[in-house]
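**Q**
Residue numbers (the working numbering): 53 to 390.
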């Protein structure tokens, strides 16, 4: 296989095609191998800051300096997530998995997703990088809040699983309150929920959806999608979705401890997993017309050829490629059932 761009995955003689190198890093040529390793980042505590830890993937802040990425404490415009051996399966495939899934969202499903690429640390360790969409070219931050913040969910009140103590319907209900372009953005949100189900992203919790005000005018909209990956390649015990689809009632009551997650469709009662009737019910509850919801579900299940081709071009290991393809087909069958 010829060399592929480490961002868009199209054939190119270099690590990055000129268009991606320019868009991501502001240069015509960019080397996918960085000038530092993970131990150097960890030991250089005086000049870098760890942002957060999600499972086995620590996150570090980077910036472009003279055409190269380097760790930074302030003014970071990229987030780096290296592959680190941990508690999960196929850990070395995690960066390639997230890169592939994000590129599928952007290129195949036309989902607005954060710009990203696959790179390597100096010792050859693969790492996923994403360009921050909440930082302006002048370094100023854009006001952004994830839906845990919007809903005032905290570990102090809800415990360590607070990120999962919500429903996708409740997120949409909050969008209706705070997003002025709700009729448009709720369809984007619904398509993203469908995509996460298709690609087996079982960790799309409440903090993985956010709103921001890109023009600093108090008008909020959904941010680009982020943290998309097939979690089933690494953790078999996760559920099919991180959150329940429904609140018990059409209007969510956030004061309830059970989050109204008792509602189940007849399809779910009979099968034990979500299918087309469940997503149609979610669409009805959040204000999406039936004909539009039918279209979005059918469209989500119509891209096997393009997905297979992108999986083949990806930097996943051969076993993970085969498993990814099989899992997507299994989820598509579920989405079409009922």
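All C-beta atoms in this analysis are idealised placements derived from N, C-alpha and C, irrespective of residue type, glycine included.
The structure displayed is predicted, hence computed values, not measured ones.
1) Let me know if residue 354 comes out buried or exposed under the rule of 16 or more other beta-carbons within 10 Å of its beta-carbon.
2) If you reduce the DSSP assignment to three classes, tell me which class residue 236 lands in.
3) Please state the DSSP three-state secondary structure of residue 54.
4) What's the gap between the Cα of residue 166 and the Cα of residue 60?
5) Roughly how many whole angstroms lie between the Cα atoms of residue 376 and residue 294?
6) Taking the CB atoms as reference points, tell me whether residue 264 and residue 197 lie closer together than 9 Å.
7) Got a sec? Which residues, its chain only, sit under 7 Å from residue 67 by beta carbon, not counting five neighbours each side?
8) Starting from the Cα of residue 350, find the closest Cα among 193, 199, 386 and 337 and give me that residue.
9) In three-state DSSP terms, what is residue 231?
10) The alpha helix (DSSP H) that contains residue 170, what's its start and end?
11) Grouping DSSP H, G and I as helix and E and B as strand, with all else coil, what is residue 123?
12) Counting C-beta neighbours from all protein chains within 10 Å, is the total for residue 363 16 or more, i.e. buried, or is it exposed?
13) Looking at C-alpha atoms only, which residue of 277, 347 and 348 is the closest neighbour of residue 158?
14) On a CA-only basis, which of 226, 128 and 272 is nearest residue 188? Give me that one, please.
15) Per DSSP, what kind of secondary structure is residue 130 in: helix, strand or coil?
16) Does DSSP put residue 85 in a helix, in a strand, or in coil?
17) When the Cα of residue 218 is compared with those of 369, 230, 360 and 256, which residue comes out closest?
18) Under 9 Å, do residue 286 and residue 382 count as touching if we go by C-beta distance?
19) With 16 as the cutoff for other CB atoms within 10 Å, does residue 380 come out buried or exposed?
20) Should residue 70 and residue 135 be called a contact, given that it needs their Cβ atoms to be closer than 9 Å?
21) Taking 7 Å as the limit between beta carbons, can you name the residues of its chain near residue 238, skipping five residues before and five after?
22) Can you grab the Cα-Cα spacing for the pair residue 272 / residue 54, in whole Å?
23) Going residue by residue through the segment 209-281, where are the continuous beta strand (DSSP E) segments of at least 3 residues, counting only ones entirely within it?
24) Let me check understanding here. Comparing Cα to Cα, which of 326, 347, 173 and 282 lies closest to residue 298?
25) Count the other C-beta atoms from every protein chain shown that fall within 10 angstroms of the C-beta of residue 254, then say buried if there are 16 or more, exposed otherwise.
26) Taking the alpha-carbon of residue 266 as reference, which of 231, 258 and 241 has the nearest alpha-carbon?
27) Would you kindly check if the distance between the Cβ of residue 119 and the Cβ of residue 79 is under 9 Å?
**A** Let's see:
1) exposed
2) helix
3) coil
4) 13 Å
5) 19 Å
6) yes
7) 58, 82, 83 and 84
8) 386
9) strand
10) Taken as a continuous stretch (DSSP letters only), residue 170 belongs to no alpha helix (DSSP H), being part of the beta strand (DSSP E) at 168-172.
11) strand
12) buried
13) 277
14) 128
15) strand
16) strand
17) 256
18) no
19) buried
20) no
21) 224, 227, 338, 339 and 340
22) 43 Å
23) 262-264
24) 326
25) buried
26) 231
27) yes
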